[in-house]
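In case it helps, my numbering puts the sequence shown at residues 34 to 379.
Each residue gets a CB set at the ideal place from its N, CA and C atoms; glycine is no exception.
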Amino acid sequence: MEAARLHAYTDEMSEALQIDEVDRPTVTASNGVVVEVEGAGWCQTDNHIIEGMWAEYVDQPLPMTLGHENAGTVVETGDEVRLVEEGDPVICHPVQTCGICRPCRQGEDMYCENNKFNGLTTDGGFAEYLLTNERAVIPLPDGVDPTDIAPHADAGITAYHAAKKAVHELNPGDTAVVIGIGGLGHIGLQCVDAMSAPDIVAVDIKDEALDLATQLGATHTINPTRDDVVAEVDALTDGTGAAQVLDFVGADQTTGYAPDIVAAGGDHHIIGYGGHVHEPSQALVNGEFAFRGTLVGRYTELQELVALVERGDVELRTTRFGLDEVNTVAERLEHGEIEGRAVITP
């Protein structure tokens, strides 16, 4: 089969991945599942992996097939698999977990001590077939297209995971600020809107992104190239600040908003990454606010997100590309030229 593989870290996105002919994966364990990939979302994290940003955090055997947002049809199962069978459409949680370590027993899938992360530590779905396990696949409802839903395996669940944490702290009449209405942010905004009743302020440097935010439920929009974000949030909240901020950019500038826009006791959720947090400890003590990181989400949260998609509460804007266009996608995303999510169709 064909697979798009990373052979060496590079900053040159135009030649990032190589299309190789490799063996099709087969089931090697009783809980194994092989999925024919119909859609594999491209994520900014893929660009970061290509650049080597994850090398100091996880073991990455190269060459490796990238792609951690995968959905498709089951074509082979292990002897003990009962959840799915051949022919079932599924979405694949990016993390293959063991189910028996202490974090797994506590329901904290992302902290599994024996995990394999598709496209990050083991071969992913920028290929015709993907080997995963029963604990990672979620059957799709009738009428849900695996290609369209694929990016929810990471972009969607990550945005949902952040939104779920935020809505626990949001009351009607509070203000939530969503920074970055891109591939993740437009999902996160919808999740906040579907699960709570705050005033939602969308922040983005592109007017078309702000127009989309308004269509999806934002009550106010701010363009930092024209408006003073701090002054605008101050005016909209009568000086109290936003109860929750969801930062889908994670640049130095956006994390730097926190002391001036987060209400006392509030949270600044960092979902996008690449920048830094440069705040004196006194700023956190004085405002008693917190920075909170977000890394994907639990298996059950992906189930919950699929339910929101089935109900029509969350829609995903996607553009499809062939496997041979992976480097074009990487380059366009690097330059901010992808609206919504790019989906590779192997």
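Please name the residue, chosen from 50, 278, 73, 324, that lies closest to residue 354 on a Cα-to-Cα basis. 73
Spatial neighbours of residue 364 within its chain, please: C-beta separation below 7 angstroms, excluding the five flanking residues on both sides. 46, 47
In angstroms, rounded to a whole number, what distance separates the CA positions of residue 350 and residue 54? 31 angstroms
Give a yes or no on whether the C-beta atoms belonging to residue 188 and residue 113 are separated by under 8 angstroms. no
Starting from the Cα of residue 248, find the closest Cα among 226, 336, 231 and give me that residue. 226
If we count Cβ pairs, one from each stretch, closer than 8 angstroms, do we get three or more for the stretch 182–201 versus the stretch 213–225? yes
When you compare only the Cα positions, how much space is there between residue 203 and residue 274? 13 angstroms
Tell me, to the nearest whole angstrom, how far the beta carbon of residue 82 is from that of residue 356; I am working on the premise that it is less than 8 angstroms. Between residue 356 and residue 82 the Cβ distance is about 17 angstroms, and since that is not below 8 angstroms, they are no contact.
Residue 162 in three-state terms, based on DSSP: strand
Under 8 angstroms, with one C-beta from each stretch per pair, do the stretch 105–121 and the stretch 166–180 reach the 3-pair mark? yes
Whose CA, out of 294, 335, 41, 43, lies closest to the CA of residue 323? 294
Looking at residue 161 and residue 34, is the spacing between their C-beta atoms short of 8 angstroms? yes
Spatial distance of residue 366 from residue 216 (CA atoms): 10 angstroms
Cut-off 6 angstroms between Cβ atoms - residues of its own chain near residue 133, not counting five sequence neighbours on either side: none
Please classify residue 368 as buried or exposed, where buried requires at least 16 other C-beta atoms within 10 Å of its C-beta. exposed
Mapping the DSSP letters down to three states, classify residue 125 as helix, strand or coil. strand
With DSSP run on the structure shown, which of helix, strand or coil describes residue 246? helix
8 angstroms Cβ cutoff met for residue 266 and residue 229: no
Name the two residues that bound the continuous beta strand (DSSP E) containing residue 114. Note, residue 114: premise wrong, no beta strand (DSSP E); not H, not E.
CA-CA distance, residue 39 and residue 208? 42 angstroms
Count the other CB atoms within 10 Å of the CB of residue 313; is the residue buried (16 or more) or exposed (fewer)? exposed
Using the DSSP secondary-structure output, state which residues sit across from residue 374 in a beta bridge. 351
Buried or exposed for residue 139, please, with buried defined as at least 16 other CB atoms from any protein chain shown within 10 angstroms of its CB. exposed
For residue 236 and residue 270, I'd like the C-alpha separation in whole angstroms. 15 angstroms
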